[in-house]
Structure formats: structure tokens, C-alpha cells
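If you read the sequences in order, they're chains R and W. If you number the first sequence the way the numbering used here does, the last residue is 288 and the count never jumps. If you number the second sequence the way the numbering used here does, the last residue is 1127 and the count never jumps. Ideal Cβ placement from N, Cα and C applies to all residues, glycine included. The model shown is predicted, which means the values in this text are computed figures rather than measured ones.
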Amino acid sequence: MLPTPDTSHVPYERVYEPAEDSFLLLDTLSSPSETQFLHETFSPTSSSSSSSSSSSPPSKAGIPFVVEVGTGSGVVLAFITAHAKAIFGTNQVLTAGVDMNAFACRATVTTVAKAQADALAEAAGTNSGNSSDYGKQVPHGMYLGSVMGDLTAPLKPNSVDVLVFNPPYVPTSEMPNRPDTFKEDFPFSSSSSNKTSFDDDSYLLALSYAGGADGMETTDRLIAGLHEVLSPRGCAYVLLCAQNKPELVKERIRRMEGGVWRAETVGSSGKTAGWEKLQIVRIWRGSA
Amino acid sequence: MKVLSLNFLTCAVKACKSSSSSYPLHPRDAELVQDEIEVNPDMLVNVLPRLDWAALRTTSSELGFPPLPEQPPTQEELRADDKLVRDLHHLLLETQISEGKLVCANCGHEYAVKEGIANFLLPSHLV
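Okay, structure coming up:
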């Protein structure tokens, strides 16, 4: 099992704490079936022999760009970045994060940096015998940064190869309302750097879980934008809970744009019998 | 945020998406910081097909970097051009924007960058 990134620095009073849903994403992305799919789709040396010797043939399609929307603590994005070699079969992966919550963006920068350092330290330990080509053995991907934003709005169209989304999926009677006191950039205005009101913190946490009708109001907006933001080879991993009516969601996706989209459940935490039974759906354009 | 990220970012205003002048965003009053990262020519060669070269040339000159060639190199040319590999590595991966603004040339909206994090949340009248 690949190690889980350290998130001990994350302020959980205003950033979603890694939980069963986050861990299901880690397990699914590193599962044999998904690593095989991602290797075949994105590894430059995907055709069987993956020799790590000097210069591999250039990838005509280019290095994949992986974006997590709603990073929260950054545990999933850090996992993907740190273990790129294991997940994609190559460390040549660009990653970035988007979150509405400034604290989440800031936490993610640290979570990714720690996970990259840990991955390097571990690789250095394993490779201590032949340190000569150590530079080529850097196991982690290249994290470009995190931006504050609403879903995929800041991203260039047709640019994302892998999009990961752990949405606010809990059904709620209404979507979170921004308190009057809330300033979207307040954590960075030096005067009030770490002072937040209880209302502000509650709002930020509500953004991370409150999904409105069927828990799908935010997820539906993301799905509706996939055709615009994903590259032709792109795919998305979206987490759903049982109350989201996942079978209907998948049917809706398969009917989009005259049926060019595929949607399959590729991971689930079926053991829990509670209302929050979770699954990961992979969404991609496929010739069926 | 690494300079390379500017090649993947665009104005968040919906009406700007169809306008070519909304991309790339233009850095203003940018403060830059430099990391030291080991050069990986293989990776840069594979980053190349992902680059919008014209946008990158704009970003590069606006940040005060030496001019990039007018036409992008091929992957083979880049692999053979040690200097260009190092220049691109330095610009795209080692240079980070820590403070400043990113401006849309179409609508004029300014996205603030603070502590390396750009804020693309829009005020309610622009959503």
C-alpha cells in the first residue's frame, strides 16, 4: 500500500478533514484496474517494456495534466503527485488544485510539498545502492500550484487529462449562504491573518459537504462542464454516495452529447451499510 | 504558482471563454520567486506538446524573461538544444509568481495572487 500523505498541519475547523470518502479515492486511484487504465492511457512507455534507462521516446500527446477540484486538505492531490510513478507508470505528470476555500489551497501546498519530500526520501533509501542516476528516479510528479475558484471555471478549455472530484455530496435543503462578514480573500489580508468568525468557519465547512437537492447540485454543475474542460483523452473520477442516486447519474452521463460518454463504477466502499455508501465513478469518452 | 500554470489558466468569466483575448492572462506587478529544481530534459520534451507556445511567449516577455523563439521547437530539436531546455526549465518550473495580479485583456478583471495562490472567485455580479 502506498503511504497516505501527512495532513497534520491542516486547520480542520475550516478545512474538510480526510475521511472515508478521501481514502476511497486513494484506494481506487491506486487499485490494479485503475493504475492499469491510467498506465495505458498516459504512460509514455505504455507499450509493455517500461525500461527506466536514459532517454525514453518522446510522448507525442504530451505529459498528462491532472487537476483535483475541491482539494480540501490536499490529501488526494498530494497522494496522486507523490505516487505518480506508481499510479501513472511515469513521474511525468503535471498536477494542480482548485478550491473555493483559501485555507484549503494553502493547506494543499504544504500537504503536497510534504508528500513529495517523503516520496523522495523513500526513493533515496531504496536506491542507495546506485545513486548515479538518482535524478532520473525522482518518483513524484510536478505540482504547479493551487488556485481559488469555482469548480473548473479558471481552467483552459480542453486542457485537463484527469479530473478528480470529491464533491459536497450530502443532501441538504439549501446550499450554503455566504455570511455578510465573509471576505473571500480574508485569510491573506495580513491584518486579520488568522482571525475567522465561527460563521465564516461554518460556511467554509458547509461548502465541503452541503450538496443541495439529492446532494447533486454542485456535482451536476461539474458534470455539465466536463465536455468543455476535459481533453479528448481526458477522464474524470467523481465520488458519489448512495443518496445521489448513482445509477441515475451514470445514465444521465451516458446520454450526454448523443452518447459519447461512458460512466462506470470503479471503486466502492460497499461494506458500510449506512446511508453514506460511497462509490467512485470514472467518466470518459469511449468508443463503446 | 509556477509560471507553467499560466498556460492552463484562463479568465473565469463565462462570457470571456469564447474570446481569444481572455487567454493568456497577463501578469501585473508580479513578484517572482525562484526554486532550484533538477533539470529533467525528458520531462520538458513531453511538456512541449502541451504548451500553447504563443501564449507562453507572451507570458515570458511580460515577466521580463529573454525572448523565446518565434516558432516552437520540435521535440527532437528541444532535446538537442541544451540551452533552450535550461531556459524553459527555469521559466516554467523554477519560477513562481508569489504576489501580483493576473489580468484578463477581454473584460479587464484582475485576479489577485497572494502567497502564491491566485483567487479566481468572481464577485456575484460577474457570475
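Which chain W residues are close to Ser-59 of chain R, counting only those with a beta carbon under 9 Å from its beta carbon? By one-based count along the first sequence, residue 59 of chain R stands at place 59. Neighbours of Ser-59 of chain R on chain W, chain order: Val-1045, Asn-1046, Pro-1049 and Gln-1075.
Around the Cβ of Pro-1024 of chain W, are there at least 16 other Cβ atoms within 10 angstroms (buried) or fewer (exposed)? Walking along the second sequence from the start, residue 1024 of chain W turns up at place 24. Sixteen is the threshold: when 16 or more other Cβ atoms of the shown chains lie within 10 Å of the Cβ of Pro-1024 of chain W, as they do, the residue is buried.
Please classify Ile-80 of chain R: is it buried, with 16 or more other beta-carbons within 10 angstroms of its beta-carbon, or exposed? Working through the first sequence from its first residue, we reach residue 80 of chain R at position 80. Looking at its Cβ environment, which holds 16 or more other Cβ atoms inside 10 Å, Ile-80 of chain R is buried.
On the three-state DSSP scale, how would you describe Tyr-143 of chain R? As a position in the first sequence, residue 143 of chain R is number 143, starting the count at 1. Here Tyr-143 of chain R sits in strand by DSSP.
Contact set for Ser-268 of chain R: own chain, Cβ-Cβ below 8 Å, skip 5 residues either direction: Your numbering for residue 268 of chain R matches position 268 in the first sequence. Same-chain partners within the cutoff: Leu-24, Lys-277, Leu-278, Gln-279 and Ile-280.
Quick check on the DSSP output: the alpha helix (DSSP H) that includes Pro-157 of chain R runs from which residue to which? Residue 157 of chain R sits at position 157 when you count from the first residue of the first sequence. Segment: none, Pro-157 of chain R is in no alpha helix (DSSP H) and carries neither H nor E.
In this structure, what does DSSP give as the bridge partners for Ala-242 of chain R? Translated into positions along the first sequence, residue 242 of chain R becomes position 242. Answer is none; Ala-242 of chain R lacks a bridge partner.
Mind checking Leu-151 of chain R: buried by the 16 CB within 10 Å criterion, or exposed? What you label residue 151 of chain R is simply residue 151 of the first sequence in a count that begins at 1. So Leu-151 of chain R counts as buried.
Is the beta carbon of Leu-204 of chain R sitting closer than 9 Å to the one on Val-15 of chain R? Here the question's residue 204 of chain R lines up with position 204 in the first sequence. Here the question's residue 15 of chain R lines up with position 15 in the first sequence. Yes.
May I ask you to list, following chain order, the residues of the stretch 1100-1116 of chain W that have a beta carbon less than 7 Å from some beta carbon of chain R? The stretch 1100-1116 of chain W vs chain R, Cβ under 7 Å: Ala-1112, Lys-1114, Glu-1115 and Gly-1116.
Please list, in chain order, the chain W residues whose beta carbon lies closer than 8 Å to that of Phe-65 of chain R. As a working note, residue 65 of chain R is residue 65 in the first sequence. What Phe-65 of chain R touches in chain W: Phe-1008 and Arg-1050.
Glu-1094 of chain W - partner residues in DSSP beta bridges: If you number the second sequence from 1, residue 1094 of chain W lands on position 94. BP columns for Glu-1094 of chain W are empty, so no partner.
Residues that Ala-210 of chain R contacts on chain W, provided the C-beta gap is smaller than 7 Å: What you label residue 210 of chain R is simply residue 210 of the first sequence in a count that begins at 1. Under the 7 Å cutoff, chain W gives no residues; its nearest Cβ is about 17 Å from Ala-210 of chain R.
Anticipated Cβ contact below 8 Å, Ala-115 of chain R with Ile-1117 of chain W, distance rounded: Here residue 115 of chain R refers to the residue found at position 115 of the first sequence. Here residue 1117 of chain W refers to the residue found at position 117 of the second sequence. Going by Cβ atoms, the distance from Ala-115 of chain R to Ile-1117 of chain W rounds to 18 Å, so no, they are not a contact pair.
Using 9 Å as the limit for Cβ to Cβ distance, is Asn-177 of chain R near chain W? The sequence position of residue 177 of chain R within the first sequence is 177, counting from 1. For Asn-177 of chain R, the answer is no, since every Cβ of chain W falls outside 9 Å of its Cβ.
Thinking C-beta only, is Ala-82 of chain R closer than 9 Å to Val-112 of chain R? Numbered from 1 along the first sequence, position 112 holds the residue referred to as residue 112 of chain R. Numbered from 1 along the first sequence, position 82 holds the residue referred to as residue 82 of chain R. Yes, the Cβ-Cβ distance between Val-112 of chain R and Ala-82 of chain R is below 9 Å.
Measure from the C-beta of Lys-1083 of chain W to each C-beta in chain R and report whether the shortest distance is under 9 Å. Sequence index remark: in the second sequence, residue 1083 of chain W carries index 83 (1-based). By this cut-off, Lys-1083 of chain W is not an interface position.
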